[in-house]
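**Q** This structure is in structure tokens; I'll ask about it shortly.
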């Protein structure tokens, strides 16, 4: 019989793969930015949020904070690097020095804040249980906020009865990512990973339900616009919104 630890490790590997797909999903957007030489109206906020979120989870997964969490460290360590590359591209291709300075300052502040949290936790607490509780609660709040980000997109889907700007595969990957990490957290039970990813699974499922509900009406709207010779909404909006998907555990 396969042991629970082996199953947990396998699910964690799957979670790493799915999360990497989510981290890399904005690559086409940044290829376009590089070709045009400008970030245009794209916002760095999703990448700044993901960057600090990944740093917190790397801190959480360290052996002296929460032992036996190497897969949490690997995926979020990769996420930190990927998001840092995105932020660097924002700095390089921003249209103004003000925008560049904003990204640089916020990035440095995020690193300092996480560093301060690490210093305080390691200096003032002396058990991994207590350290896990403090860092886990901070990370869980950040993670839930990131999973809740697609709510605005879901609201627009209901309002317009169109899923053109809610890519199916990203919604599916978000759902699968949440499920994988929620299962990973079952044994031994880790509430700080289970809670945000369980909620993330529900958000992902809600997106898939909306997709199934409005997929037909979306096709009808697209057909009607093509008949009128209008530009499809997806050509304008999908590229902008796909870079705001979050991420991850």
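Residue numbers (my numbering): 1362 to 1610. Ideal placement from N, C-alpha and C gives every residue a C-beta, glycine not left out. This structure is a prediction, so every number in the text was calculated from the model and none was measured.
1) Does the distance from the C-beta atom of residue 1515 to that of residue 1568 stay below 9 Å?
2) If distances are taken between C-alpha atoms only, which option among 1393, 1474, 1417 and 1573 comes closest to residue 1435?
3) Is it the case that the region 1573-1582 contacts the region 1519-1529, given that we only count it when at least three CB pairs across the two stretches are under 8 Å?
4) Pick helix, strand or coil for residue 1568, following the three-state DSSP scheme.
5) Quick check on residue 1551: buried or exposed, where buried means 16 or more other Cβ atoms within 10 Å of its Cβ?
6) Cα-Cα, which of 1472, 1441 and 1454 is closest to residue 1392?
7) Considering only the beta carbon of each residue, do residue 1379 and residue 1543 sit closer than 9 Å?
8) Let me know if residue 1448 comes out buried or exposed under the rule of 16 or more other beta-carbons within 10 Å of its beta-carbon.
9) Where does residue 1548 sit, in a helix, a strand or coil, going by DSSP?
10) By DSSP, does residue 1507 sit in helix, in strand, or in coil?
11) At which residues does the alpha helix (DSSP H) containing residue 1389 begin and terminate?
12) Report all residues from its chain with a CB closer than 6 Å to the CB of residue 1408; omit the five preceding and five following residues, and keep chain order.
13) Just mark residue 1525 as buried or exposed, buried being the case when its beta carbon has 16 or more other beta carbons within 10 Å.
14) So for residue 1576, helix, strand or coil by DSSP?
15) Secondary structure at residue 1493, three-state DSSP: helix, strand or coil?
16) From the DSSP output, in three-state form, read off residue 1526 for me.
17) Are there 16 or more other CB atoms within 10 angstroms of the CB of residue 1411, so buried, or fewer, so exposed?
18) Could you tell me the alpha carbon to alpha carbon distance between residue 1486 and residue 1429, rounded to whole angstroms?
19) Can you say whether residue 1376 is buried or exposed, counting buried as having 16 or more other CB atoms within 10 angstroms of its CB?
20) Would you mind stating whether residue 1612 and residue 1456 have Cβ atoms separated by less than 9 Å?
21) Helix or strand or just coil, what does DSSP make of residue 1582?
22) Can you look up residue 1407 in the DSSP assignment and give me helix, strand or coil?
23) Return the CA-CA distance between residue 1480 and residue 1423, expressed in angstroms with no decimal places.
**A** Taking the definition as stated:
1) To locate residue 1515, count along the chain shown from 1; it is residue 154. To locate residue 1568, count along the chain shown from 1; it is residue 207. In this structure, residue 1515 lies near residue 1568, with their beta-carbon atoms less than 9 Å apart.
2) Sequence index remark: in the chain shown, residue 1435 carries index 74 (1-based). Closest in alpha carbon position to residue 1435, among 1393, 1474, 1417 and 1573, is 1417.
3) Taking a cut-off of 8 Å for Cβ pairs, the region 1519-1529 and the region 1573-1582 touch, as three or more such pairs fall below it.
4) By 1-based counting over the chain shown, the position of residue 1568 is 207. Residue 1568 falls in the helix class under three-state DSSP.
5) Stepping through the chain shown from its first residue, residue 1551 is reached at position 190. With 16 or more other Cβ atoms within 10 Å, it is buried.
6) Here residue 1392 is taken as the residue at index 31 of the chain shown, counted from 1. The shortest C-alpha separation from residue 1392 is found at 1454.
7) In the chain shown, the residue the question calls residue 1379 occupies position 18. In the chain shown, the residue the question calls residue 1543 occupies position 182. The Cβ atoms of residue 1379 and residue 1543 do not sit closer than 9 Å to each other.
8) Numbered from 1 along the chain shown, position 87 holds the residue referred to as residue 1448. Of the other Cβ atoms in all chains shown, 16 or more fall within 10 Å of the Cβ of residue 1448; this residue is therefore buried.
9) Here residue 1548 refers to the residue found at position 187 of the chain shown. Residue 1548: coil per DSSP, three-state reduction.
10) Your numbering for residue 1507 matches position 146 in the chain shown. Here residue 1507 sits in helix by DSSP.
11) Within the chain shown, the letter at position 28 stands for residue 1389. Run containing residue 1389: 1388-1397, per the alpha helix (DSSP H) assignment.
12) Residue 1408 sits at position 47 when you count from the first residue of the chain shown. Excluding residues within five positions, the ones whose Cβ falls inside 6 Å are 1444, 1447 and 1448.
13) On the chain shown, residue 1525 is found 164 positions in, with the first residue counted as 1. By the 16-neighbour rule on beta-carbons within 10 angstroms, residue 1525 is buried.
14) Within the chain shown, residue 1576 is the residue found at index 215, counting from 1. Residue 1576: helix per DSSP, three-state reduction.
15) Here residue 1493 corresponds to residue number 132 of the chain shown, with the count starting at 1. Three-state DSSP puts residue 1493 in a helix.
16) Counting from one through the chain shown, the residue named residue 1526 turns up at place 165. Reduced to three states, the DSSP call for residue 1526 is coil.
17) If you number the chain shown from 1, residue 1411 lands on position 50. That one is buried.
18) Position 125 of the chain shown holds residue 1486. Position 68 of the chain shown holds residue 1429. So the two alpha carbons sit approximately 19 Å from each other.
19) Counting from 1 along the chain shown, the entry for residue 1376 is found at position 15. Within a 10 Å sphere around the beta-carbon of residue 1376 sit 16 or more other beta-carbons, which makes this residue buried.
20) An answer regarding residue 1612 cannot be provided, because it is not within the stretch 1362 to 1610 covered by the chain.
21) Mapped onto the chain shown, residue 1582 falls at position 221. Helix.
22) Counting from 1 along the chain shown, the entry for residue 1407 is found at position 46. DSSP, read as helix, strand or coil, puts residue 1407 in helix.
23) Locating residue 1480 in the chain shown gives position 119, where the first residue counts as 1. Locating residue 1423 in the chain shown gives position 62, where the first residue counts as 1. Straight-line Cα distance between these residues: approximately 13 Å.
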